[in-house]
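K.L.:
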Amino acid sequence: MSAYRATKSRAAAPLATPNAPEAAAASALRAAVAEIRAQFPALSREHGGRPYSYLDGPGGTQVPRRTIDAMSRYLERSNANHEGGFATSEESDAILAEAHAAAADFLGAGGPDEVAFGQNMTTLTFSVSRAIGRTLKPGDEIVVTRLDHDANVAPWLALQEERGVTVRWVGIREADCTLDLADLERALGPRTRMVAVGLASNAVGTINPVRQIVAMAHAAGAMTYVDAVHAAPHVPIDVKAFDTDFLVCSPYKFFGPHLGLLYGKPERLERLASYKVRPAPDTGSGKWETGTLPGESIAGVLGTFDYLAWLGREFGGAGAGASRRAALVAAVETIQAAERGLSLAALAALGEVPGLKLHGITDPVRVVERVPTFAFTLAGHSPREVAAELGRAGIAVWDGDYYAYELIRALGLAESGGMVRVGFVHYNETSEIERLAEALRSIAAGRGAGGTS
Ligand SMILES: Cc1ncc(COP(=O)(O)O)c(C=O)c1O
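In our numbering, the protein residues as written are 24 to 476.
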């Protein structure tokens with residue numbers, strides 16, 4: 024148990040400047056990083072006698088022991104299909120019901136019927152967009168952005184062909200990779216039916232002003248579909264405060280198993296006709312959860328929520344009697360405040376690597392507008408070469424476009440291999456930033472990263 028405690032928990036405020044209790048909670052969390060890391064078995068992996076450095080979080084995070092245990096327990100004791108009249112099926116149904124309730128708490132939804140699990144965000148988005156497509160007419164308009172992951176673009180583009188809708192684009196300001204809201208204003212009109220936007224960029228870490236974007240879309244009479252996949256491990260999610268019609272995220276990006284998670288306003292979910300088999304329910308989550316769900320993974324995500332609630336109580340100031348929602352909000356608020364320290368350290372360290380060009384928000388004063396995900400190029404070295412060299416040194420990072428397809432093209436980097444991407448989450452240590460910067464300086468100087476493969 025840590026000796027550190029914060030003093031207060033607050034409602035979700037994604038872009039708020041940290042106040043004193045939040046700052047205290049954040050430094051408590053940073054100070055207890057060894058205790059945090061001990062919860063994640065994968066983090067004990069070594070490479071060449073040093074800890075393996077997981078800076079690949081944007082592609083998927085590691086999971087705490089609670090998640091692994093919950094998955095094993097499910098497979099050992101409660102592995103059954105749903106709605107049977109026997110003990111294991113009843114137990115499995117109870118676990119799945121509890122996981123829906125916990126997911127609703129995580130997102131700030133009104134209840135378990137407002138959320139559905141699926142294979143991943145992409146599959147859920149194709150399913151919902153097709154159901155929405157059934158309601159659209161030729162000439163209706165959908166707005167997408169050049170900052171989004173293609174999973175929140177391609178499903179909407181498909182409706183051009185299928186339903187004759189018109190897709191309108193919102194561009195970026197290249198200097199800091201933020202969304203051009205004047206472009207959004209221009210794109211909205213009387214025929215706009217949907218605005219699809221991300222909460223945070225999976226490439227450059229920009230946090231979008233989603234409340235403002237939702238308000239603009241609603242003022243134009245359009246629905247909103249928010250991709251919170253990249254934001255979920257970093258930014259508190261409150262679907263009611265965002266007022267979004269839909270939101271999607273993926274537990275495997277926030278310390279859970281490989282799954283997708285959908286939220287929809289009840290009136291939206293009810294009215295849409297989903298693609299499903301006839302005996303499946305016509306209401307609630309079941310309408311969107313096609314086929315047999317991966318029960319062990321959904322049980323595992325319950326372990327993830329337990330871990331996060333523990334973190335919120337231990338470090339985020341949520342008292343022992345706090346609700347699960349309050350504990351989860353406290354956890355992610357504390358993580359967000361702690362990660363600002365990581366962002367500042369990374370901005371400073373990357374800024375000193377010769378030939379490194381960082382894309383996105385680089386001004387430390389604006390650190391609240393980003394999550395600790397950084398994309399860069401290194402002069403004279405292709406992104407794949409840098410990533411492979413870091414990989415040989417036991418530092419896992421991504422290169423390419425990571426499906427931020429439009430952004431990489433807007434920046435003119437598609438032909439040259441995209442960018443190297445490093446992502447930090449709350450279990451990463453400051454020493455990993457120093458190690459990364461040292462390896463990059465060595466690569467820049469033509470000495471390689473000094474790795475063993
Ligand atoms: C921002 C963002 N949206 C969507 C996706 C797709 O998620 P999934 O793999 O759950 O389909 C990703 C995955 O990298 C992502 O980072």
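Beta carbons: idealized from backbone N, C-alpha and C, even for Gly. Here the structure is a predicted model, which is why all the values come from computation and not from measurement.
What separation, rounded to the nearest whole angstrom, lies between the Cα atoms of residue 463 and residue 229?
P.N.:
23 Å
K.L.:
Under three-state DSSP, which class holds residue 28?
P.N.:
Its pLDDT being 35, under 50, residue 28 is placed unreliably by the model, and nothing is read from it.
K.L.:
Would you check if the distance between the CB atom of residue 414 and the CB atom of residue 441 is smaller than 8 Å?
P.N.:
no
K.L.:
Please classify residue 197 as buried or exposed, where buried requires at least 16 other C-beta atoms within 10 Å of its C-beta.
P.N.:
exposed
K.L.:
What residues come near ligand 1, if near means a beta carbon less than 5 Å from any of its heavy atoms?
P.N.:
Checking every Cβ against the heavy atoms of ligand 1 under 5 Å gives 143, 144, 145, 172, 174, 225, 250, 252, 253, 273 and 283.
K.L.:
Going by C-alpha to C-alpha distance, which of 186, 265 and 252 sits closest to residue 273?
P.N.:
252
K.L.:
Which runs of the beta strand (DSSP E) at least 3 residues long sit entirely within the region 182-259? Give them in chain order.
P.N.:
189-193, 215-221 and 246-250
K.L.:
Which residues bound the beta strand (DSSP E) around residue 399?
P.N.:
396-401
K.L.:
To the nearest angstrom, report how far apart residue 150 and residue 175 are at their CA atoms.
P.N.:
Looking at the two C-alpha atoms, the distance is approximately 12 Å.
K.L.:
Run the CB neighbour count on residue 386, radius 10 Å, all protein chains shown included, and call it buried at 16 or more, exposed below.
P.N.:
Residue 386 counts as exposed, since fewer than 16 other C-beta atoms from the protein chains shown sit within 10 angstroms of its C-beta.
K.L.:
In chain order, which continuous runs of the alpha helix (DSSP H) of length 4 or greater are located wholly inside the region 41-96?
P.N.:
43-54 and 56-60
K.L.:
What's the C-alpha gap between residue 101 and residue 128?
P.N.:
24 Å
K.L.:
Report yes or no: do the region 50-66 and the region 251-270 share at least 3 C-beta pairs separated by less than 8 Å?
P.N.:
no
K.L.:
Is the CB-CB distance between residue 399 and residue 367 below 8 Å?
P.N.:
no
K.L.:
With a cut-off of 8 Å, do at least 3 Cβ pairs link the region 309-323 to the region 173-191?
P.N.:
no
K.L.:
Taking its Cβ as the centre, do 16 or more other Cβ atoms sit within 10 Å of residue 334, making it buried, or is it exposed?
P.N.:
So residue 334 counts as buried.
K.L.:
Please confirm if the region 308-316 is in contact with the region 126-144, defined as three or more CB-CB distances below 8 Å between the two stretches.
P.N.:
yes
K.L.:
For residue 69, count the other beta carbons within 10 Å of its own beta carbon; 16 or more makes it buried, fewer makes it exposed. Which is it?
P.N.:
exposed
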